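Have a look at the structure below, then the notes.
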Amino acid sequence: MTSPSAFTALSLAILKGFVRDKTSVFFAVIFPLMFLVLFGGLFSDQDQSKVELIQVGGVALVDGLPDDAREAFDETFEVERSDDLDAAIAEVRKGDADVALEQQGDQLVAHYTQTEQVKAAITQGALRAFVDGANVAQLSAESGQPPTFTLETERVEDESLTTIQFVTPGLLGWAVAMSAAFGAAATLQGWRQSKLLRRLQLAPVSTRTVVGARVTVTVAIALAQLAIFIGLGAAAFGLTLTGSWWMSIPLLVVGTLCFMALGLLAGAVTTTVEGAVNAANFVVLPMAFLSGSFFPLDATPGWLQAISNALPLKHLNEAMMDVMVRGEGPSSALVPMGILAAFALVVTLVAARLFRWETS
Amino acid sequence: MTRAIEVENLTMTYGTLRAVDDVSLSVEQGEFVGILGPNGAGKTTTLETIEGLRRPDRGSVTVLGQPVWPRNAGLLPRIGVQLQASSFFERLTAREQMHTFAALYGVRTSVADDWLERVGLVDKADTRVEDLSGGQTQRLSIASALVHDPELVFLDEPTAALDPQARRNLWDLLSGLNDSGRTVVLTTHYMDEAEVLCDRVAIMDSGRILQFDSPSALIRRLDAPARITVAPGQLQLDEARRIDGVDEAAEGSDGVVLVTRQPTVVVSRLAETDQLDGVRVQTGTLEDVFLDLTGREYRA
Chain A
3 MTSPSAFTAL SLAILKGFVR DKTSVFFAVI FPLMFLVLFG GLFSDQDQSK
53 VELIQVGGVA LVDGLPDDAR EAFDETFEVE RSDDLDAAIA EVRKGDADVA
103 LEQQGDQLVA HYTQTEQVKA AITQGALRAF VDGANVAQLS AESGQPPTFT
153 LETERVEDES LTTIQFVTPG LLGWAVAMSA AFGAAATLQG WRQSKLLRRL
203 QLAPVSTRTV VGARVTVTVA IALAQLAIFI GLGAAAFGLT LTGSWWMSIP
253 LLVVGTLCFM ALGLLAGAVT TTVEGAVNAA NFVVLPMAFL SGSFFPLDAT
303 PGWLQAISNA LPLKHLNEAM MDVMVRGEGP SSALVPMGIL AAFALVVTLV
353 AARLFRWETS
Chain B
33 MTRAIEVENL TMTYGTLRAV DDVSLSVEQG EFVGILGPNG AGKTTTLETI
83 EGLRRPDRGS VTVLGQPVWP RNAGLLPRIG VQLQASSFFE RLTAREQMHT
133 FAALYGVRTS VADDWLERVG LVDKADTRVE DLSGGQTQRL SIASALVHDP
183 ELVFLDEPTA ALDPQARRNL WDLLSGLNDS GRTVVLTTHY MDEAEVLCDR
233 VAIMDSGRIL QFDSPSALIR RLDAPARITV APGQLQLDEA RRIDGVDEAA
283 EGSDGVVLVT RQPTVVVSRL AETDQLDGVR VQTGTLEDVF LDLTGREYRA
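Protein sequence lines, in the order shown, are assigned to chains A and B. Remember, the numbering used here sits 2 above the position in the first sequence when you count from 1. Remember, the numbering used here sits 32 above the position in the second sequence when you count from 1.
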């Protein structure tokens, strides 16, 4: 059987080496997916839980609600009945219930705490709405006229992105940055340690072939990460992509080159495989935080956003978000791709200058 | 016929250290040559410069009639190298390693499989390189250096860190390598290995080649006396001293030890008097030559 080409053989060798390395696979795929599940799963349920209400004695307003209002009331409040006001207030104070409600003549008295401000506000607002509703109903019944103004509420999807839409592009950017940087750093160091670099230098293959094989495998891994993230995000957490999401493919390719260059730099300045991987981690993890991979940067101070603009991952993340979920056109990715490519070029040149064949 | 290797006045310097100091060396095609020396003698640097991995600071290196520096792509398919470390792709099996190297040299996969068989690794073909023993790793390393049937092969300490069995086992493989006219250059710090395998041995120390000749010529030149040990109770000490050709005689733990430069004369005299039972004759070894040349003091 004739052998495959040197390029194919090298690519296969590198790919097998990656797939068989459980640690690499874990950090490239499983670890970022854990964050996706964590953010996408835990934080996606933004609905408030019901307000726990203790009704003390008879409350005409609540008991006399018409059916449709009763339904709305039950959606907001979890009603428990009691006859002991002091005990009910004590429960509210301890935080076991949110509000104790009693009727004194025509007055409705709600006892609540400000400890949980959101719930306090909901309680106040909702109760006031029901009281107003009851008053309006009574007035219109007395006058025989329907109320002049009615309010119809209709829910519109929030302008800001839902959790899964926001976290998928950022986490994907981080995952790709991590595996590209680690892969390049560990390969350079490992091959230098074992003198495989020297061995390849003495084989009739060009540097272009060797580098090309390594880049091809890393890009393939990045695209696999993209497929897994989109697949899981869409299947399990309702991720919906916008029109020019396919621009994330060329974006990831350029991003991969950029972070491989950082990995090469880490491999060039260190002397052991562990050192190289740690150096890559030291660069990539803080960068992921500062580039909005884990949380949005909108609320951060201006100086932090200024720093983040100097980081390539920020531009990758922003561009990925633009094309994948914000519905921006394909051309929005061009400037970030240029920035990433320039970064890759500069860092590669620095790494090449610092590169040594021998570790000693 | 062009020489396999021609090194002229090679000097390599690391900072202030002269790792290789004005070395000249020529190797004919088909020769099995050993470079012998203590750690730090400059063996590996010399070898890597001849392979074309390092630019000579001074002097010239020609391999198979061509300059090796800068990287000579035409020469690469004609030489095979085994470097000091085990240079393999991580987490690939023995067979996958061989197939990958075969592809790098454009050699058929079946040739790679033949080499696995020749170095006795068929049973281990599906074992990852990390799980091979030291001897198996070295054999795979040698096989991967030879997969493209090179005219000239360099082996850098192929038996380092192996136990005696694995070492002997590897000798059988190594000794056949130059049968088909291939030139073999190996570095080692084992004297017995060089004596058994090599046609010629260069003894190196402190970056210089001290001697370069066949093992037997080196031993002859050393002119070391032979030591003949006669089993206890066969020969009295004063009687031993009177034998012609005996320079010295002493009582040892396993009999009387005679030191002589004419072992043939002394042994035939012992045969005449029927005192040959349990006689042991030790002549000079390459190790004696080596220690004579490089000194005996311990170097850390």
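All C-beta atoms, glycine included, are put in the ideal place defined by N, C-alpha and C. Bear in mind the structure is a predicted one, so any value in this text is a computation, not a measurement.
Taken atom to atom, the span from the alpha-carbon of residue 61(B) to that of residue 209(B) is near 13 Å. Note on geometry: alpha-carbon atoms of residue 116(B) and residue 189(B) lie some 6 Å from one another.
Neighbours of residue 139(B) across chain A, judged by C-beta separation under 8 Å: 5. For residue 169(B), no beta strand (DSSP E) encloses it; the enclosing alpha helix (DSSP H) starts and ends at 166-178. Taking a Cβ-Cβ cut-off of 8 Å, the neighbours of residue 108(B) in chain A comprise 204, 205 and 206, given in sequence order. The beta carbon of residue 100(B) sits closer than 6 Å to the beta carbons of 84 and 93 from its chain, once the five residues preceding and following it are set aside; these are given in chain order. Ranked by Cα distance from residue 239(A), the options 168(A), 118(A) and 134(A) are led by 168(A).
In the displayed model, residue 240(B) falls within a strand according to three-state DSSP.
As DSSP reads the structure, residue 92(B) sits in a beta bridge with 40(B). Ranked by how close their Cα comes to the Cα of residue 212(B), the residues 178(B), 200(B), 199(B) and 126(B) have 178(B) in first place. The beta carbon of residue 261(A) lies closer than 6 Å to those of 179, 182 and 183 in the same chain, with the five residues before and after it left out.
For residue 153(B), the three-state secondary structure derived from DSSP is coil.
When the five nearest sequence neighbours on each side are left out, the beta carbons in the same chain lying within less than 8 Å of the beta carbon of residue 53(B) are those of 43, 74, 238, 239 and 240, in order along the chain. Per DSSP, residue 331(A) has no beta bridge partner at all.
The Cβ neighbour count for residue 36(A), taken over all protein chains shown within 10 Å, is under 16; the residue is labelled exposed. Cβ neighbours of residue 53(A) within its own chain (closer than 8 Å, five residues either side excluded): 78, 79, 80, 100, 101, 121, 124, 125 and 128. At a cut-off of 9 Å between beta carbons, residue 51(B) makes no contact with chain A. For residue 53(A), the enclosing beta strand (DSSP E) stretches over residues 53-58. In the three-state DSSP reduction, residue 251(B) falls in the helix class (H, G or I). Neighbours of residue 19(A) across chain B, judged by C-beta separation under 9 Å: 121, 122, 123 and 124. Residue 190(A) has its alpha-carbon roughly 21 Å from the corresponding atom of residue 130(B).
Straight-line spacing of the CA atoms in residue 270(A) and residue 306(A) works out to 29 Å. The continuous stretches of beta strand (DSSP E) do not include residue 212(B), and DSSP gives it neither H nor E.
Flagged as an interface residue toward chain B: residue 16(A), by a C-beta distance shorter than 9 Å. Residue 254(A) sits away from residue 356(A), with the two beta carbons spaced by 9 Å or more. The beta carbon of residue 112(A) sits closer than 6 Å to those of 101, 103 and 129, all from its chain and outside the five residues before and after it, given in chain order. From the listed residues 92(A), 264(A), 272(A) and 346(A), the smallest Cα separation to residue 194(A) is found for 272(A). Following the DSSP letters along the chain, one finds residue 83(A) in no alpha helix (DSSP H) but inside the beta strand (DSSP E) bounded by residues 79-84. Excluding the 5 residues flanking it on each side, residue 9(A) has same chain C-beta neighbours closer than 7 Å at 211, 214 and 215, in chain order. Annotated three-state conformation of residue 124(B) is coil, per DSSP. Taking 7 Å as the upper bound on Cβ-Cβ separation, chain A lies near no residue of the region 245-258 of chain B.
Around the beta-carbon of residue 200(A), 16 or more other beta-carbon atoms lie within 10 Å, marking it buried.
Residue-level contact by beta carbon holds for residue 115(B) and chain A, with a gap shorter than 9 Å.
Residue contact with chain B for residue 10(A): present (Cβ-Cβ distance below 9 Å to some residue of chain B). For residue 300(B), the number of other beta carbons within 10 angstroms of its own is below 16, and it is reported as exposed. In the DSSP assignment, residue 50(B) falls within the unbroken beta strand (DSSP E) covering 49-59.
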